[in-house]
Amino acid sequence: MFDSLTKRLNRAFKNISGKGKLTEKNMDEMLKEVRMSLLEADVNYRVVKDFIETIKEQALGQKVYDALDPAQMVLKIVRDELTNLLGSTTAEINYKEDGITTIMMVGLQGTGKTTASAKIANLMSKKQDRKVLLAACDVIRPAAIEQLQTLGKQIDVEVYTEGVQVDALTTAKNALAYAKANGYDTVLFDTAGRLHVDEELMKELEKIKKAVKPSDILLTVDAMTGQDIVNVAESFNEKLDVTGLVLTKLDGDARGGGILSVRAITHVPVKFVGTGEKIEDLDVFHPDRMAERILGMGDLLTLLEQAEEKMDLDAAEESSRRMMEGKFDLNDMLVQLEQINKMGSLSKIMKLVPGMGQMMESIDDMKADDQMKHTKAMIQSMTKFERENPDQIRSSRKRRIANGSGHSVGDVNKLLTQFEKSKKMMTMMARMSQQGQAPDMAA
Ligand code: GDP
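This is how it looks when you write it as structure tokens:
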């Protein structure tokens, strides 16, 4: 996500950090570099121009030239202005106090509208305890209804459909009546998309809008199409008054131009971002967290939220407790590997850790994933006794474990050596933290 932008921005800040007093010349060079990074990331030129001017004004106003640590101040100004650019505050869904909250999902074909409908339905029903109905109003793309039904089953949310014979408007009206009669509090309407914005589509959407009076109209836009999303958003907004954007496929967006331009130009807030193909790959959009992520400062809040959601915290806590007591064995290693697996790819996790984003470019997810699978397979081939007493694993046991898991004795040896090393390190860290000292990592 925005890897190249983050790298270039960091390079720009390096020019002024550690320089002591900031001169106007240093500042100008840095801003030139920031400007180039943003333009290269495909951010709209008007947005870039305003952004740089605001930074200049802020820098003058906050007297950075006289500051003790000007680089830190400038970085803070840039972070705050990036946050403003992304929308300042988190834009919430407009839930209705009484009656049914109706959300129309609109967007061009292939942008991820159907997937986003299911992701949002899942989030609302699982985390916000809402009773959600999905209405299949895309009667044009033949597979759309089936796709929604499959997703609905997967997330345990009912899908209302009357097939492709009934038009979208009738289906939408009937879905709303069905929701009222059956105690649903939220309906998400998955409407039809087209390859391009066209009159006929807009007319159909306007009719549905009139009939269901949506509390929100969410437009899905594909982050990978860069600045183009601004044009799409403007066309939809003109006809429909879109209330929020769902920026999909952010996982594949190396540049970030779309997300940085769209709010400033259209004034429509981003409400959610899609970060992968799986149902859970959806984040509520927080401008401040995103700004820090773009600047390579990580996003610990999101990491903690994801950990709480996806990990079995009791199991993780139990194994850390055992670790602190020096009782760490191969069972604990297996538990920890399984917990890490649940969080997703290693590089995705590390990018959320402050300062680790850049370092993690060298991680090959496929390799790391493979390594984890091999380690798990070997531990799973061990008996309970062996997992609890790795030091008792001698040659014949090693051969059996190797054969059972499809590895060589050398692999088993490597695993055991690695385990011994981590155990030593953990015991040391536990001792140090009890004594209130930082461990010497080089030992
Ligand atoms: P629709 O035509 O707009 O309804 O699009 P779909 O929901 O069918 O999605 C089109 C394709 O994009 C599918 O292959 C999805 O799996 C994929 N997709 C949707 N959202 C994301 C996302 O956030 N990240 C990635 N990598 N793929 C996504």
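Okay, so the sequence shown: first residue is 46 according to this note's numbering, each after it adds one.
Every residue, glycine too, gets a C-beta built ideally from N, C-alpha and C.
Helix, strand or coil: which one does DSSP assign to residue i?
i, result
"K316", "strand"
"L113", "coil"
"L153", "coil"
"F96", "helix"
"F234", "strand"
"I185", "coil"
"V79", "helix"
"I385", "helix"
"D174", "coil"
"V204", "strand"
"T146", "strand"
"L67", "coil"
"L240", "coil"
"A136", "coil"
"A161", "helix"
"A57", "helix"
"A166", "helix"
"A86", "coil"
Buried or exposed: residue i, going by 16 or more other Cβ atoms within 10 Å of its Cβ?
i, result
"Q272", "buried"
"T462", "exposed"
"T51", "buried"
"M150", "buried"
"F430", "exposed"
"R338", "buried"
"N458", "exposed"
"M81", "exposed"
"A86", "buried"
"L105", "exposed"
"L221", "buried"
"T134", "exposed"
"T68", "exposed"
"Q173", "exposed"
"P187", "exposed"
- [ ] Determine contact between the segment 118-132 and the segment 276-289, defined as no fewer than three beta-carbon pairs at a distance below 8 angstroms.
- [x] In this structure the segment 118-132 does not lie against the segment 276-289, because fewer than three pairs of beta carbons, one per stretch, are closer than 8 angstroms.
Open item on the list: Whether or not the segment 288-302 and the segment 311-318 are in contact is what I'm after, with contact meaning three or more pairs of Cβ atoms, one per stretch, closer than 8 angstroms; do they touch?
Closed with: Between the segment 311-318 and the segment 288-302 there are three or more C-beta pairs closer than 8 angstroms, enough to call the two in contact.
Task: At least three beta-carbon pairs within less than 8 angstroms, the segment 168-179 to the segment 215-233 - done: By the Cβ rule, the segment 168-179 counts as touching the segment 215-233, because three or more pairs are nearer than 8 angstroms.
- [ ] Check whether the segment 319-339 touches the segment 160-169, counting contact only when three or more Cβ pairs, one atom from each stretch, lie closer than 8 angstroms.
- [x] Under the three-pair Cβ rule at 8 angstroms, the segment 319-339 counts as touching the segment 160-169.
Open item on the list: Between the segment 210-217 and the segment 242-259, can you find at least three pairs of beta-carbon atoms closer than 8 angstroms?
Closed with: Output reads yes: the segment 210-217 touches the segment 242-259.
Task: the segment 191-208 touching the segment 109-120, judged by at least three CB pairs closer than 8 angstroms - done: As far as the Cβ criterion goes, the segment 191-208 does not touch the segment 109-120, which means the pair count is below three.
TODO: Run through the segment 253-316 for me and flag every whole beta strand (DSSP E) of 3 or more residues, listed as ranges in chain order.
DONE: Runs of the beta strand (DSSP E) inside the segment 253-316: 261-267 and 289-293.
Task: Contact between the segment 445-453 and the segment 352-362 (3+ Cβ pairs under 8 angstroms) - done: By the Cβ criterion, the segment 445-453 is not in contact with the segment 352-362, since fewer than three pairs of Cβ atoms, one from each stretch, lie closer than 8 angstroms.
TODO: Pick out the complete alpha helix (DSSP H) segments inside the segment 321-369, 4 residues or longer, and give them in chain order.
DONE: Qualifying alpha helix (DSSP H) stretches, in chain order: 332-339, 345-355 and 358-369.
Open item on the list: For the pair the segment 130-149 and the segment 258-269, tell me if three or more CB-CB distances fall below 8 angstroms.
Closed with: They touch, by the three-pair rule.
Task: Given 8 angstroms, three or more beta-carbon pairs between the segment 131-143 and the segment 94-102 - done: No: the two stretches stay apart, fewer than three of their Cβ pairs being nearer than 8 angstroms.
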